[in-house]
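Student: This structure is in structure tokens; I'll ask about it shortly.
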Amino acid sequence: MDEEIIALFNGSRPATTDQWETLHIQSMTADFGEERQFLRNAGYGTIFAAEDLAKFNANKEYPSTYGYWDEDSLEYLWKYVDHTSSRKPKNRMYIGWMDSTSHTPFILPPIWKNNVTFYHEETAWASVNSWLNSLRWTDDIVKEIILGFRERGLEDETLFVMFARLSETSLT
Amino acid sequence: MSQGNSSLFQVLAGYVLIGLIATFIRFCFQRHKRLDKWVPREKRRFYLSAYHLNLVTAILVVGAILFLFKNPWRTMRSTLLFDTLSIFNFRKAYVPSQSVPTAGISSPRYSPSKDPYYISNLDEPVDSFIASALKGTEFKNIVHIMLESMRSDSFPWDEKGLLHQHLQEFMEPPQIPLTVDNITPFIESIASHTLRWDTMWSTIPYTLKAMLGRIFPFQRGASDGEIFVAWFPFQVTSLWRTSKQGNSINNVYHKYFDISVQ
Numbered sequence: 308m309d310e311e312i313i314a315l316f317n318g319s320r321p322a323t324t325d326q327w328e329t330l331h332i333q334s335m336t337a338d339f340g341e342e343r344q345f346l347r348n349a350g351y352g353t354i355f356a357a358e359d360l361a362k363f364n365a366n367k368e369y370p371s372t373y374g375y376w377d378e379d380s381l382e383y384l385w386k387y388v389d390h391t392s393s394r395k396p397k398n399r400m401y402i403g404w405m406d407s408t409s410h411t412p413f414i415l416p417p418i419w420k421n422n423v424t425f426y427h428e429e430t431a432w433a434s435v436n437s438w439l440n441s442l443r444w445t446d447d448i449v450k451e452i453i454l455g456f457r458e459r460g461l462e463d464e465t466l467f468v469m470f471a472r473l474s475e476t477s478l479t
Numbered sequence: 025m026s027q028g029n030s031s032l033f034q035v036l037a038g039y040v041l042i043g044l045i046a047t048f049i050r051f052c053f054q055r056h057k058r059l060d061k062w063v064p065r066e067k068r069r070f071y072l073s074a075y076h077l078n079l080v081t082a083i084l085v086v087g088a089i090l091f092l093f094k095n096p097w098r099t100m101r102s103t104l105l106f107d108t109l110s111i112f113n114f115r116k117a118y119v120p121s122q123s124v125p126t127a128g129i130s131s132p133r134y135s136p137s138k139d140p141y142y143i144s145n146l147d148e149p150v151d152s153f154i155a156s157a158l159k160g161t162e163f164k165n166i167v168h169i170m171l172e173s174m175r176s177d178s179f180p181w182d183e184k185g186l187l188h189q190h191l192q193e194f195m196e197p198p199q200i201p202l203t204v205d206n207i208t209p210f211i212e213s214i215a216s217h218t219l220r221w222d223t224m225w226s227t228i229p230y231t232l233k234a235m236l237g238r239i240f241p242f243q244r245g246a247s248d249g250e251i252f253v254a255w256f257p258f259q260v261t262s263l264w265r266t267s268k269q270g271n272s273i274n275n276v277y278h279k280y281f282d283i284s285v286q
């Protein structure tokens, strides 16, 4: 099956023209559940997570529940994309980016100012308000990623695959 | 302990006592060399290790079942075996387990093909719909965007979905209408240019292991589900090379991100 998949992605391009460069990037810690080693086993050559962000961040304490704010990893995603896509020869990128803001307790990054009030914070529905705003945040961050590739002229040659997992449901 | 009572010391004392008994029995076996009768001399070293680990495990489990206090520990017996075996997981960490869904996943010896939670479709042809949708396209790059804990009926917001119905029925009216335009306008705006599967299922309800489905496929061994095993020799050589490089982390940052650690 893998040969068929490769052929589909290659289109008319010879299969051996380019090499794949692989990255998994997230602002969360990769130490939980030995995620870093798992991703390495799964074939990701470069893994960039909260432990790596800490090396470049003056604030060594994680500001978010699971690590740094999700926006913090985007800066390094674009560094990777710009650096890799400008390299000669130009290799293919296989990138995974993962968020944590859409996970409970839905704490929104302070840099994001697009939240609205569906339910007042003083009511019993404050947590629902946070969750609904985390959906708005997710919409914005997905937009930022896709438009980021568009600005770099990479959108038409990039396949975006969205995954989610919650209980029995998933989406693509 | 979880209920705020004072049984922690008693439970701890019980565990220590059982551990001392197990240790005493072990020394007795070693002192009288009784294992000589059971184990061939050339294999004794291996069996000594495995035998005593299993013995201690059994004693801990049986002892805990028999002597644990009712509250709160008896209610936690369902995880007792896992907790006890976890102590020795350096020996068995690579073994996939139905009771421990995430066990061994980071081990180089882990194999998805032997994992009861992993259902592979790699032996099947590419779905005809996907194949037809991708025919003639030339994607150079692939980007996975993983959304933590996101339901399919909330992204994009489904105004006919169960979540929406539940909020409308059981909650007070919101200050702003719960519409797709107010919650997920961007993803809705590109929905007509996307493919969507509502029949996809996660391999497992755990985030980490669910990511098995996004293994980088263009590697030797991926087709037979043995990618982890096939990669083990590579990992060893990779670790060896890394250990020979000075400041190797800096090399990675510089190569891929054009940045350096100060």
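Going line by line, the protein sequences match chains A and B. Its first residue numbered 308, the first sequence is counted upward by one per residue in this note's numbering. Its first residue numbered 25, the second sequence is counted upward by one per residue in this note's numbering. Just so you know, even glycine gets a beta-carbon here, dropped at the ideal spot from N, CA and C. This one's a predicted model, so the numbers in the text were calculated from it and none came from an experiment.
(1) So, are the CB atoms of glutamine 326 of chain A and arginine 394 of chain A less than 8 Å apart?
(2) Would you say threonine 24 of chain B faces chain A, with C-beta separation under 8 Å as the test?
(3) Just to confirm, are phenylalanine 281 of chain B and histidine 390 of chain A a CB contact at a threshold of 8 Å?
(4) Can you tell me which of the three DSSP states glutamine 333 of chain A falls into?
(5) Find the residues of chain B that neighbour threonine 411 of chain A, judging by a C-beta separation of less than 8 Å, and give them in chain order.
(6) Straight-line CA distance for serine 407 of chain A to serine 156 of chain B?
(7) Less than 8 Å between the beta carbons of phenylalanine 210 of chain B and aspartate 377 of chain A, yes or no?
(8) Taking buried to mean at least 16 other C-beta atoms within 10 Å of its own C-beta, is proline 198 of chain B buried or exposed?
(9) So, is lysine 184 of chain B buried or exposed, given that buried needs 16 or more other C-beta atoms within 10 angstroms?
(10) Is proline 201 of chain B near the ligand HEM, with its Cβ less than 7 Å from a heavy atom?
(11) Whose C-beta lies closer than 8 Å to the C-beta of leucine 415 of chain A among residues of the same chain, with five residues either side of it excluded?
(12) Counting C-beta neighbours from all protein chains within 10 Å, is the total for glutamate 172 of chain B 16 or more, i.e. buried, or is it exposed?
(13) For a contact meaning CB atoms closer than 7 Å, what does arginine 399 of chain A contact in chain B?
(14) Can you look up phenylalanine 194 of chain B in the DSSP assignment and give me helix, strand or coil?
(15) With DSSP as the reference, label threonine 372 of chain A as helix, strand or coil.
(16) State the Cα-Cα distance for the pair threonine 424 of chain A and isoleucine 207 of chain B, rounded to the nearest angstrom.
(17) What in chain A is Cβ-close to phenylalanine 281 of chain B, meaning under 8 Å?
(18) Any Cβ of chain A within less than 8 Å of the Cβ of histidine 168 of chain B?
(19) Under the three-state reduction of DSSP, which class applies to alanine 88 of chain B: helix, strand or coil?
(20) Who pairs with phenylalanine 470 of chain A in a beta bridge, going by DSSP?
(21) Looking at chain A, is there any beta carbon in it that lies within less than 8 Å of the beta carbon of glutamate 183 of chain B?
Tutor: Well, looking at it:
(1) no
(2) Residue 24 of chain B is absent from the model: chain B starts at 25 and stops at 286.
(3) yes
(4) strand
(5) Ser173
(6) About 34 Å.
(7) Contact flag unset, no.
(8) buried
(9) exposed
(10) Ligands in the displayed structure: none, and consequently the ligand HEM is not present.
(11) Thr408, Asn422, Ser437, Asn440, Ser441 and Trp444
(12) buried
(13) Lys164 and Asn165
(14) helix
(15) coil
(16) 11 Å
(17) Phe355, Tyr383, Lys386, Tyr387 and His390
(18) yes
(19) Helix at alanine 88 of chain B.
(20) DSSP output for phenylalanine 470 of chain A lists B:Met170 as bridge partner(s).
(21) no
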